[in-house]
Amino acid sequence: MDKQVIISVKTIIISILIALGVYVLFRLGPIIGILLIAVFIVMSMEPAVKRFMRFTFFNQPLSRSAAVITSYLILLVILAVVATFVIPPVVTESQKMIVNLSSLTKGIVLPGSAQFNLTDLLPQASKVSTGILSATISIFSNVTAFVSLLIFAVYMSLDWVNIKKNFISIFPDNLEDTVKDTLDEIEKSVGSWVRGELFLMFTVGFASFTGLAILGVRYALALGIISSITEAVPMIGPIIAGILAGIIGFSESPIKGIGAVALYILIQQLENNLLVPKVMAKVSGFRPLVILLALLVGNQFFGIIGAIVAVPMTMVGSIILKKFLRYS
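Residue numbering for the sequence shown is 82 to 409, as defined by the working numbering.
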């Protein structure tokens, strides 16, 4: 018996609107990504803002506006110092390192009779390192996008309390407490993750730079920055940084090469067994494979901005899903 399938006009319109909405979201991916990064900055800065609000000025607590301005002024000073004294020499040294990477391998001498071929490895390592550095440099060189990002973050911070209240008011009265608890948990978790990740990146980068400088390996500053940046990519990132450091070390002498490899192994062991359990274990709770998949998916759909917001967005989705399953 034949059955007729009747699709109403309302269903067709809703389907078209959903498809159009998905298309618009995809096309506006970079802009949405900038807004999401601004939200994550706000969440990361919120503890500093609240701390300043506890200060008193003429026996009056500091207003939220003054606390926000003070917090972001300190952030701007730190960024200005980094952009003035750190970025230029890093860019110069990184460019020299990448240009000379192929020629450096000709001087590699391994102990004993060990031999291996770097022909296939070098293009990939050079490509990855160049992409990482280009993405990092573009963030700082694109002044318009960077200023827009900070402006978004400042305005959001100034009105963050009202933004959360207005968002909560959208939901029915019986769900407002649940939504509020979810937002508080997201704010705490994402803010802690951003601060923890920045701390790990700084620690690993500084330790790599210091160790390589003591060993006398060339391009120690550039390798330290690469180690810091690739720290955000689990498993693969530290391996890439270690390979580059090893290549440059072995191009100078076997002792420096072995020392560089041993240094990176030591840093990773200390990080995995000491820093990560203390700093990040209670923050994301994700295994490295989940983080890696999130980074790949984010990069595939929205490029470098998608990779930046991939892990925090995965955390947000995980928190929302847990809340939904708990109260459903």
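C-beta atoms are modelled at their ideal positions from N, C-alpha and C, and glycine is treated no differently.
Start and end residues, alpha helix (DSSP H) containing residue i
i, result
"residue 149", "145-166"
"residue 299", "Counting along the chain, residue 299 falls outside any alpha helix (DSSP H), and DSSP gives it neither H nor E."
"residue 103", "90-108"
"residue 341", "335-351"
Beta carbon of residue i nearer than 7 Å to that of residue j
i, j, result
"residue 230", "residue 245", "no"
"residue 303", "residue 290", "no"
"residue 341", "residue 326", "yes"
"residue 119", "residue 133", "no"
"residue 66", "residue 121", "In the structure displayed, the chain extends from 82 to 409; residue 66 sits before or after that span and is not available."
"residue 400", "residue 268", "no"
"residue 237", "residue 123", "yes"
"residue 339", "residue 171", "no"
"residue 390", "residue 102", "no"
"residue 330", "residue 298", "yes"
"residue 308", "residue 292", "no"
"residue 328", "residue 288", "no"
"residue 388", "residue 402", "no"
"residue 296", "residue 337", "yes"
Alpha carbon of residue i to alpha carbon of residue j, nearest angstrom
i, j, result
"residue 256", "residue 235", "29 Å"
"residue 98", "residue 343", "57 Å"
"residue 281", "residue 273", "12 Å"
"residue 95", "residue 126", "40 Å"
"residue 213", "residue 371", "With a pLDDT of 47 at residue 213, under the threshold of 50, the modelled position of this residue cannot be trusted, and the question is left open."
"residue 355", "residue 284", "12 Å"
"residue 210", "residue 242", "With a pLDDT of only 45 at residue 210, under 50, the local geometry of the prediction cannot be trusted, and the value read off the model is given with reservation. Between residue 210 and residue 242, the C-alpha separation is close to 41 Å."
"residue 202", "residue 271", "Any reading at residue 202 needs caution, since the residue's pLDDT is 45, under 50, leaving its predicted position unreliable; the model's value is listed next. When rounded, the distance between both Cα atoms is 36 Å."
"residue 153", "residue 311", "26 Å"
"residue 335", "residue 173", "26 Å"
"residue 131", "residue 137", "12 Å"
"residue 140", "residue 157", "28 Å"
"residue 374", "residue 318", "14 Å"
"residue 155", "residue 247", "29 Å"
"residue 261", "residue 249", "7 Å"
"residue 179", "residue 251", "52 Å"
"residue 169", "residue 320", "26 Å"
"residue 407", "residue 294", "52 Å"
"residue 233", "residue 333", "47 Å"
"residue 254", "residue 111", "34 Å"
"residue 150", "residue 160", "15 Å"
"residue 93", "residue 277", "47 Å"
Residue i (DSSP reduced to helix, strand or coil)
i, result
"residue 253", "coil"
"residue 201", "Summary for residue 201: the model assigns pLDDT 48, below 50, so the residue's position carries little reliability, and this model does not support an answer."
"residue 280", "helix"
"residue 139", "coil"
"residue 270", "helix"
"residue 127", "helix"
"residue 371", "helix"
"residue 240", "coil"
"residue 468", "It is not possible to answer for residue 468, since the shown part of the chain is limited to 82 through 409."
Cross-strand partners of residue i (DSSP beta bridge)
i, result
"residue 290", "DSSP output for residue 290 lists no bridge partner at all."
Proximity test, Cβ basis, 7 Å: residue i and chain C
i, result
"residue 393", "Absent from the structure: chain C. Only one protein chain is present."
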